[in-house]
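Right, one structure below, let's go through it.
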Amino acid sequence: MQVHGKVAVRFMHLADLHIGKSVNGISMLGEQKHAFEQVLGYIKAERPGAVIIAGDVYDRAVPGVEAVRAFDDFLTGLALTGTAVLLIPGNHDSPERISYASRLLADRGVFLCGETGGAARNVEMADEYGTVNFCLLPYIRPLMPRAAEDGRETGYGEALAAALDMAGIDFAARNVLVSHQFYTRAGVAPMRSESEMDPIGGLDAIDAGLIERFDYAALGHLHGAQCVGKEHIRYAGSPVKYSFSEWRQQKSVTLVELAEKGSLSVAALPLVPLRDMREIRGTLESLLGESSPPARGDDYLRVVLTDEEELVDPMGKLRSAYPNIMSLGFDNTRTSIDISAASAGAEAVEKLSPYDLFSEFFLEAQGAAMSAEQSGIVRELLEEAGRGL
Ligand SMILES: [Mn+2]
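Its first residue numbered 41, the sequence shown is counted upward by one per residue in the working numbering.
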């Protein structure tokens, strides 16, 4: 693209592919391949000089055969467009496996920055404004922050600062950081998604101020596309919705252009799913009677029923109209129990009575609420158990 008569560096920013991921037991591979086709279409149209994949290539450290094939196809497709590929592993990836054949692939412009022992690696690209340095920093693992010389444990922030220090970056030039960590900024609430599966509850947060000097930070880890307070520090988000907490998000890939130092343009290019993941709510009758077949009835759905009266086999009835229903919940005056109990925190669970906990378990296991007779039996049993104490 011509900017002021010069050619500027442009690149595509992706992250959190999670290839091979299943949601509620349903494989997302078809959706992932469909997203990759759209990315390749954008690359052919926009001709960026590089494509960044900022971690969580796979969903597991040892991905399945189908997942490896899908990534092989995607990577080959990317390389054939002539674009460079800059990739780091995320917390879900095995750095060793991700960097397989990386020395050979570097000759083809595919930089798989895996096994570096926690160090960053620089890759330079040139445009007519000079060089742009891409600083690739593999995910810093919780065990990696080492004890400092005085015996004090160092945190994520210190480990990051040390890695950036060692990378010897010249901030007078233009620099792009590629990193897969949880960056936060005071006063900015991050948009979290259930599919991120954060195991240590925010202890891994790093102050985004530490990476502010980069001209752009291409981040991975959070599954909703978002900036961390400033436009140039950005999570691309996952290309596919991986939990119902993401159902209102528009998935996208990010296109970035850097001209002279200080000039940045960022655009989100939308990705359209084969089947959307969304929530619908209403009475059983209204959801089954609206139109037949219902519009986009094969989407991945969370159905919230608002019926007040007992229903017979609502899951079975809904499935005939909505074959890919993933979750069923109820929202009425009697109960507000949702089948996706995983979303309830430990605190919420503690507040539930034994009867409510069992109802929830029953709903999850059976896909339908207990009948009046069943609920009577459970109440009796709980009473008996209570007397025994
Ligand atoms: Mn992820």
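Ideal placement from N, C-alpha and C gives every residue a C-beta, glycine not left out.
Those residues having their beta-carbon less than 5 Å away from any non-hydrogen atom of ligand 1 are, in chain order, Asp-56 and Asp-96. For Ser-305, the uninterrupted beta strand (DSSP E) run begins and ends at 304 to 310, by DSSP.
The criterion of a C-beta distance shorter than 8 Å is satisfied by Leu-126 and Val-163. Closest in alpha carbon position to Ile-320, among Val-49, Asn-372, Val-47 and Val-343, is Val-343. Taking Gly-356 as reference, the option from Leu-368, Lys-291 and Thr-346 with the minimal CA-CA separation is Leu-368. In the three-state reduction of the DSSP assignment, Met-206 falls in the helix class. Taking the Cα of Thr-294 as reference, the smallest distance to any Cα among Glu-86, Met-52, Met-237 and Lys-301 is reached at Met-52. Looking at the DSSP output, Ala-94 shares a beta bridge with Ile-128. Annotation: Glu-252 to Ala-94 spans about 17 Å, alpha carbon to alpha carbon.
Excluding the 5 residues flanking it on each side, Asn-131 has same chain C-beta neighbours closer than 8 Å at Gly-95, Asp-96, Tyr-179, Arg-181, His-220 and His-261, in chain order. With a 10 Å radius around the Cβ and a threshold of 16 neighbouring Cβ atoms, Thr-171 comes out exposed. Here DSSP, grouped into helix, strand and coil, assigns Thr-156 to coil. Spanning the alpha carbons of Gly-426 and Cys-267 requires a straight line of approximately 52 Å. By the C-beta density criterion, Lys-84 is exposed, having fewer than 16 other C-beta atoms within 10 angstroms. Rounded to whole angstroms, the Cβ separation of Met-165 and Gly-249 is 26 Å, and the two are not in contact under 8 Å. When the five nearest sequence neighbours on each side are left out, the beta carbons in the same chain lying within less than 6 Å of the beta carbon of Ala-101 are those of Ser-134, in order along the chain.
Burial check for Pro-103: the Cβ neighbour count within 10 Å reaches 16 or more, so the residue is buried.
For His-272, the uninterrupted beta strand (DSSP E) run begins and ends at 270 to 275, by DSSP. The shortest C-alpha to C-alpha distance from Phe-254 to any of Ala-276, Gly-264, Ser-292 and Leu-298 is the one to Leu-298. As the crow flies, the alpha-carbon of Leu-422 is around 15 Å from that of Glu-400.
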